[in-house]
Each structure stands twice: as C-alpha cells, then as structure tokens.
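Colleague:
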RNA sequence: GGAGAGUUGGCAGAGUGGUCGAAUGCGGCAGUCUUGAAAACUGUUGAGGGUCACACCUCCAGGGGUUCGAAUCCCUUACUCUCCGCCA
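In the working numbering, the protein residues as written are 14 to 436.
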C-alpha cells in the first residue's frame, strides 16, 4: 500500500497518475488525507492525556516513598478520571486508524510514467517480438490433443483424482516437467539468483504481507483446520522471507529463485480459454524475486526482462513482450511486462511470464526496509517475475515443436530430458 | 498428542513492580593512529507516531487483564527449544 506521508505530499500527482488505471481517486485520496488529519488530532489529544497520567503516576510513587499516602490517594482519583478519558479517546482513535487503513488497502499502486494509457488488455503495448513462428504440417494439433496422442498428460485422470485443472503428467510428460524445472533453476542460479525451497502453505500474516489478503482471499485454497493457505505463487513465501526486516544497504540487492507448485481456485473461469494447460488449479512455476535499492530497481527490472528473453531465445520459442497498459497493470505493480509465447496450433498468445516492479508498495506492507547511507530507514523496492511458468511453456513446446515424426525437444533441454523426441 | 522451559533492539544477551526504552558484547557509523588497510583506542548508534524544531506518546512475540504505575504479576493465542509418544 501507499504511505500516508507520500499521499499527503504528492496528492495531485497521485490522482493524476491513477487516472491511467481509469479511476478517479480524488474522493478516496481526500478521504485519506482528512482521516489522517483526524487521526493526528486525536493522537495529540490522546498523547497529552497519557502524558498527564504518566506524570501523576510518577508523583504518586514519590509521595508514597516520602511517606505522604493521603496526598497520593488524592492524585490516584485524578488518574482514574484520566483513564476514562484515555479509554474513550483510544476507541475513537482506533476507529480512525481502521478506517484509514481500509481506505489505504483500496488504493492501487501508482503506475510508472512509462505505463501506456488504455481501457483493456487490448491496449497493452507490444514492445518486442522474437523467435520464428513455425510452419506446421497439415494436421497439426493443439497441445491437449498432442498430450492424448502421445499419452504424456492425462486430464481426465486428474478429474477423477481431484477435479478439473489438476492434470496428471505421465512418462515423458512427467520427465519433461522435471527437466524444465531443473533447466529454469539452473539458468536462474547461473544468473546470480540463490535457490530456495519454500513452503507451499503460508499463514495469514504472509497472505497480508504480499497482498493476497484481505481482498483476494477467494483466489486461494484455504486450509481452515490450521488457518493456512496454499500458495498461489512462490512470490508469497519468497517475498515474506523479508517481512519485518531491516537490511543494511550493503545487503542489497537480494536475488532469489525458487520452484513451487502454485494453487489457484480461479473461481469463475470457464470455457475454451481454459482448455488443456491454458488455465489450471495446480501448476508449476519457477519464480525470481529481487529486493533492490530504490535507485536501482528499474535497472534490475530490465535485467530480469533480458534474463527471461535469453531463456526463450535458447528454447527457440516464438514470443513477444507486452508492456501492460494502465487498465491491466495489477493492483500492487507500478510497471509490468508480460511475456507471451505463441501457441501455433491454437493461433493465440499465451502468457508465460509476468515481471513487475512494485517499488515500495509491497515493502510498505511487509515493513521491508534498509538503512541508507545517512543512517535513515528507507523502504526497499521489490520485484518479481516468472522464470518461468511451466504449463504454457509446455504447451508452446508441444505445439511449436511438433512434426509429423513427433515432438522435437529443444536442444537446450535435451541434457535434462535425456531424450530428443516424443513420438 | 502429553510434560516442562522459553520468546527482550540489526544480532547475541542481562534485566522479576517505579530510578528501564532497557546493562553488556558483536555489528554499523564517525574519529584518532597509519602512506593505505588491519589491529587498537575514543565517540556514536533501536523502531514508529508527533513537531518547523523540541516536548510528548507508543513499542520488550500477538491479544486481553491486575495496578496510581508492568519488559517484570495474571489469563490467552502463536511460535521456539528439551523430554516422552507417534511417524516418512
């Protein structure tokens, strides 16, 4: 969330930049500022009452020591009154704070100046495209048909065991999954990311830390018996490593990577677009996360983009990069680039990675700070991205690499799969 | 699951009702010395709110209570450790 002090100081600029998200935040921002003013007024009142009461308590202590209990008892009555006042003020104060926080949770991050205007995903700006879209032979199939033909993914079996969106990978399909995970992790660690194995369930505090709670609660699977949530992405446990931490400036940047399965309820999704691997309740993803000095976060952002580019070039997959427009940039993000791989047999682009700079938006919630060169505590910038999400990369490989003889595994993966064709 | 012990500043670790926002050490920062660095020595150093700046307020795992006054006493939740049980 945004900091109140920041809102106070940059009110007009924030309202202006939020119009990129097609929202008029004027009323919201004004409410925040008014509530904050009320809060401060109450705080002063409350503090003064407490100060008086503290002073009296000290006096009482001294009177008892010097053997004047009568005088002390008179003062005691006074403190009782002050206590009543304190209680009333505290109640009011807490109401203001709660109301203020409720509003702050509603304000999305301020988009970066380079974010294009737009009203829907159609306005996302394609900024880069690379890789050859292959000419497929007659009778080329979409990936779910290929999966059946070569018996490498069984969607119906997943239905039986769990439900829709929980596919079962078999034989070379399973091996290819494992190969992709290992390959991505190797690429990431070679680029300087430290590998982590993270929990797949998180507590409530972590859900709040990265912003899944309180609003997107319905998107996560909730284990009510223990009040834990299945992670929708490694971003949640990975970023919460840094919740409530104060780093030294020399600790920055921090770069980590981790493979986890991801669980998403995807309530309300249905239809042709969710066919096959396009949208799942459980899928695998390798994530990269960075904690950066504010001065360096956009350099880091572009380094992450280039890193993912390198991987896709090596896999020889046709892809493009979209700069998300104001309507499509996620709530917490200031700038997001989406990577999409072309699904030839479906004749559509599939999102396989999303790289975002959250600036201080997440760090504020997480209380993730570093001590700067002046000795002051400053919020870090956080970034993350997929490097990469498995199912749609798999779909891309199956569809783009299909030949009449079978599916040719990209060369870079062969050392990991141990085979070069699925036939 | 049962019994016991614990949770204090960036870290380690003292502190059992007022003189404690908190000893000490490490780490950080600044300085002295040095060609420079290291070592040594000296000083400085928790966080948040509030203020033009001070004052002042809050914070000793989270929540609640007792008391004029709580890091300290009581209740409760979470977590950690030890022992026992179960177990890949």
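From the three backbone atoms N, C-alpha and C, an ideal C-beta is built for every residue, glycine too.
By a C-beta neighbour count over all protein chains shown, 10 Å radius and 16 as the cutoff for buried, is residue 62 buried or exposed?
Modeller: That one is buried.
Colleague: Report the option in 309, 149, 365 whose CA atom is closest to the CA atom of residue 417.
Modeller: Residue 149 is the option with its Cα nearest to residue 417.
Colleague: In whole angstroms, what separates the C-alpha of residue 114 from that of residue 49?
Modeller: Spanning the two alpha carbons is a distance of roughly 10 Å.
Colleague: Report yes if the C-beta distance between residue 121 and residue 344 is below 9 Å; otherwise report no.
Modeller: Yes.
Colleague: Can you grab the Cα-Cα spacing for the pair residue 220 / residue 278, in whole Å?
Modeller: Cα to Cα, the separation comes out at about 15 Å.
Colleague: Do residue 211 and residue 244 have their CB atoms nearer than 9 Å?
Modeller: Yes, the pair counts as a contact, with Cβ atoms nearer than the cut-off.
Colleague: Give the list of continuous beta strand (DSSP E) stretches no shorter than 3 residues that lie fully inside the stretch 317 to 364.
Modeller: Counting whole runs of 3 or more residues, the stretch 317 to 364 contains the beta strand (DSSP E) stretches 332 to 336, 348 to 356.
Colleague: For the pair the stretch 372 to 392 and the stretch 319 to 329, tell me if three or more CB-CB distances fall below 8 Å.
Modeller: Contact fails: fewer than three Cβ-Cβ distances are below 8 Å.
Colleague: For residue 223 versus residue 258, is the C-beta spacing smaller than 9 Å?
Modeller: Cβ atoms of residue 223 and residue 258: not closer than 9 Å.
Colleague: Would you call residue 171 buried or exposed, if buried means 16 or more other Cβ atoms sit within 10 Å of its Cβ?
Modeller: Buried: at least 16 other Cβ atoms inside 10 Å.
Colleague: Excluding the five sequence neighbours on either side, which residues of its own chain have a C-beta within less than 8 Å of the C-beta of residue 306, listed in chain order?
Modeller: Excluding sequence neighbours, residue 306 sits near 262, 265, 266, 383, 393, 394.
Colleague: Tell me which same chain residues have a C-beta within less than 6 Å of the C-beta of residue 412, skipping the five on either side of it?
Modeller: So the qualifying residues of the chain are 156, 356, 357, 358.
Colleague: In the DSSP assignment, find the unbroken alpha helix (DSSP H) run with residue 405 in it and report its ends.
Modeller: Here the alpha helix (DSSP H) through residue 405 covers 403 to 413.
Colleague: Could you check what DSSP says for residue 69 in three-state terms: helix, strand or coil?
Modeller: Of the three classes helix, strand and coil, the one that applies to residue 69 here is helix, per DSSP.
Colleague: What alpha helix (DSSP H) runs, 4 residues minimum, are completely inside the stretch 148 to 200?
Modeller: Listed in chain order, they are 156 to 162, 168 to 174.
Colleague: Output the boundary residues of the alpha helix (DSSP H) element that contains residue 82.
Modeller: Taken as a continuous stretch (DSSP letters only), the alpha helix (DSSP H) holding residue 82 covers 82 to 119.
Colleague: Is residue 387 near the ligand FAD, judged by its Cβ being under 8 Å from some heavy atom?
Modeller: Here there are no bound small molecules, and the ligand FAD is not part of this structure.
Colleague: What does the alpha-carbon distance come out to for the pair residue 250 and residue 326?
Modeller: Their Cα atoms are separated by approximately 29 Å.
Colleague: How should residue 354 be labelled, buried or exposed, when 16 other C-beta atoms within 10 angstroms of its C-beta is the threshold for buried?
Modeller: So residue 354 counts as buried.
Colleague: Is the stretch 127 to 140 touching the stretch 336 to 343 in the sense that three or more CB pairs, one from each, lie closer than 8 Å?
Modeller: At 8 Å Cβ cutoff, the stretches touch.
Colleague: Which whole-angstrom value is the C-beta distance of residue 293 and residue 178, which I expect to be below 8 Å?
Modeller: Indeed, because the Cβ distance is near 5 Å, the residues count as touching under 8 Å.
Colleague: Checking 9 Å against the spacing of the C-beta atoms, do residue 166 and residue 182 come in under that value?
Modeller: Yes, the pair counts as a contact, with Cβ atoms nearer than the cut-off.
Colleague: Would you check if the distance between the CB atom of residue 35 and the CB atom of residue 132 is smaller than 9 Å?
Modeller: Cβ atoms of residue 35 and residue 132: closer than 9 Å.
Colleague: In angstroms with no decimal places, state the Cα-to-Cα distance between residue 289 and residue 32.
Modeller: Between residue 289 and residue 32, the C-alpha separation is close to 37 Å.
Colleague: Within a Cβ cutoff of 6 Å, which residues of the same chain sit near residue 207, ignoring the five residues on either side of it in sequence?
Modeller: Counting only Cβ-Cβ distances below 6 Å, and skipping sequence neighbours, we find 269.
Colleague: Closest to residue 403 by CA distance: which of 370, 334, 226, 196 is it?
Modeller: When only C-alpha atoms are compared, the closest one is 196.
Colleague: Measure from the alpha carbon of residue 217 to the alpha carbon of each residue in 200, 176, 237, 396, then state which is nearest.
Modeller: Comparing Cα-Cα distances from residue 217 to each of 200, 176, 237, 396, the minimum goes to 237.
Colleague: Helix, strand or coil: how does DSSP classify residue 56 here?
Modeller: If DSSP states are grouped into helix, strand and coil, residue 56 belongs with the helices.
Colleague: Since residue 301 and residue 377 are thought to touch, with beta carbons under 8 Å apart, how far apart are those beta carbons, to the nearest angstrom?
Modeller: The Cβ separation is near 22 Å, so there is no contact.
Colleague: Once the 5 residues before and after residue 52 are set aside, which same chain residues still bring their CB inside 8 Å of it?
Modeller: Only 106, 109, 110, 113 meet the Cβ criterion.
Colleague: On the three-state DSSP scale, how would you describe residue 384?
Modeller: If DSSP states are grouped into helix, strand and coil, residue 384 belongs with the strands.
Colleague: How many angstroms separate the CA atom of residue 405 from the CA atom of residue 291?
Modeller: Approximately 6 Å between the Cα atoms of the pair.
Colleague: What are the residues that DSSP puts in a beta bridge with residue 394?
Modeller: 305, per the DSSP bridge assignment.
Colleague: When you compare only the Cα positions, how much space is there between residue 422 and residue 117?
Modeller: Taking the straight line from one Cα to the other gives about 49 Å.
Colleague: In terms of residue numbering, what span does the beta strand (DSSP E) encompassing residue 279 cover?
Modeller: Per DSSP, residue 279 belongs to no beta strand (DSSP E) and is neither H nor E.
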